[in-house]
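Going by numbering that gives the first Met the number 0, the sequence shown opens with residue 0, and the numbers climb by one from there. Virtual Cβ for every residue (Gly too), placed ideally from N, Cα, C. Here is the structure we will look at, set down as structure tokens.
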Amino acid sequence: MTRSTFLERQLAMGGIAADPSHHVPATLCCCRPSVLHFGDAAAEFDAANTHAAVFDVSDRRQLEFTGRDRQSFLHGFCTNDVKRLPPGSGCEAFVTNVKGRILAHVLVFVEDAAIWLDAGPGADDAALVQHFDRYVLREDVQIHSRTADVGVLLLAGPASGRLLATACPAAPALEPLQHAHGTWGDVRFAARRVDILGTRGYLLATQHAFLHALWDDLASAGAHPAGAEVFHAQRIAAGFPLCGIDVSVDNLAQEAARTAQAVSFTKGCYLGQEPIARIDALGHVNRVLCRLHVASGTPPAPGDDVEDLQGQRVGSITSAARVPGTDTSVALGMLRSMHTRDGTPVVVRHGPVALAARVC
0 MTRSTFLERQ LAMGGIAADP SHHVPATLCC CRPSVLHFGD AAAEFDAANT
50 HAAVFDVSDR RQLEFTGRDR QSFLHGFCTN DVKRLPPGSG CEAFVTNVKG
100 RILAHVLVFV EDAAIWLDAG PGADDAALVQ HFDRYVLRED VQIHSRTADV
150 GVLLLAGPAS GRLLATACPA APALEPLQHA HGTWGDVRFA ARRVDILGTR
200 GYLLATQHAF LHALWDDLAS AGAHPAGAEV FHAQRIAAGF PLCGIDVSVD
250 NLAQEAARTA QAVSFTKGCY LGQEPIARID ALGHVNRVLC RLHVASGTPP
300 APGDDVEDLQ GQRVGSITSA ARVPGTDTSV ALGMLRSMHT RDGTPVVVRH
350 GPVALAARVC
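Put into structure tokens, the structure is as follows:
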């Protein structure tokens, strides 16, 4: 089943397409899920927070590294410590250029004979593959693009481990970024524990042709199909950025506010280490991504200015979404560091409307 056919299947189930021509907020159209909701976003939001919800995130880019030098090679291009990882474990990291600027925000998963890199949503992975390829000299490492073959679902919610237990007995005990393999019927998949939405979650990777079958099995087991409205509200509230949307090559690694999760200052040399270490020695960056609680059910738009209470511009919105079932929204914004303390009141300029917000 192709990605477009899988989307058609979701629409046939009652999914409402995230169509930007229908005045859908820009954040909800930036990547998969391509369905806004399945008729009741508030119920989907409740399921993701109290039970389990399943999301189509099949546009996440997948790279596989093989060869005996794969681990030491990748260690030299990630901000986190890849070399120390045993099979079955993983880490969050940034791939940066020589200036310490973000090329990709990645999740690394070490297996017995390969390392998988989940590089987040994107149209293709060619630029990232080329970035790595240019540095392969005598190392025994092969870099394989698997994006066209392997798709991903996200199962999230406090009951998600229990739902997976029959097909993947190791799933309930997995710690964040640990992973294991499972089989549901004829579908073999990798279950990767990643709490993207701020609650227990698993990225389930399998062949694109089997995504619909895995989706149906999860729904039959009790997972609530869910769409972009819940996905983005949850991941924004959790402070989980998307590369190309919230951060990009214009940003230094520490500006993404994931330093504790994704940057090691003891791992040794890697591409971009010098400027990243220099920033750490200085103590701060001039701007940083932060979460905002917005007192409006109409979310701001990416690019909207954020001002302090004196009317001075202090940053801009990168993504935003309404919290389903409420009259409030959440947003991520790149703000000057001096304005990012929790509870700081700010104003978001959404066209002619001034939206009251606070940093959270």
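- By the C-beta criterion, the stretch 145 to 155 is judged not to be in contact with the stretch 172 to 181, since fewer than 3 inter-stretch pairs fall below 8 Å.
- Closest in C-alpha terms to A225, from the list V56, V347 and C268, comes V56.
- Less than 8 Å separates the beta-carbon of N250 from that of R100.
- Here the stretch 81 to 99 makes contact with the stretch 259 to 273; the two share three or more CB pairs at distances below 8 Å.
- Here M337 is exposed: its Cβ has fewer than 16 other Cβ atoms, across all protein chains shown, within 10 Å.
- Taken atom to atom, the span from the alpha-carbon of L203 to that of A25 is near 26 Å.
- Counting only the Cα atoms, F64 lies some 6 Å from H143.
- For the 8 Å CB-CB criterion, R335 and G314 form a contact.
- Going by beta carbons, R192 and L173 fall inside the 8 Å limit.
- CA-to-CA, the gap between R286 and E254 works out to about 6 Å.
- By the Cβ neighbour-count rule, T49 is exposed, with fewer than 16 other Cβ atoms within 10 Å of its own.
- With a cutoff of 8 Å on beta-carbon distance, E138 and D68 are scored as near each other.
- Contact between D245 and S318 holds, with the beta-carbon distance rounding to 6 Å and staying under 8 Å.
- Around the beta carbon of S33, 16 or more other beta carbons sit within 10 angstroms, so the residue counts as buried.
- As the crow flies, the alpha-carbon of E228 is around 10 Å from that of C28.
- Looking only at A113, S159, L331 and N96, the smallest Cα-Cα distance to S71 is reached by A113.
- For R145, there is no enclosing alpha helix (DSSP H), as DSSP marks it with neither H nor E.
- Out of D80, L210 and D45, the CA that lies nearest to the CA of S3 is found in L210.
- Between A41 and W214, the alpha-carbon positions lie close to 20 Å from each other.
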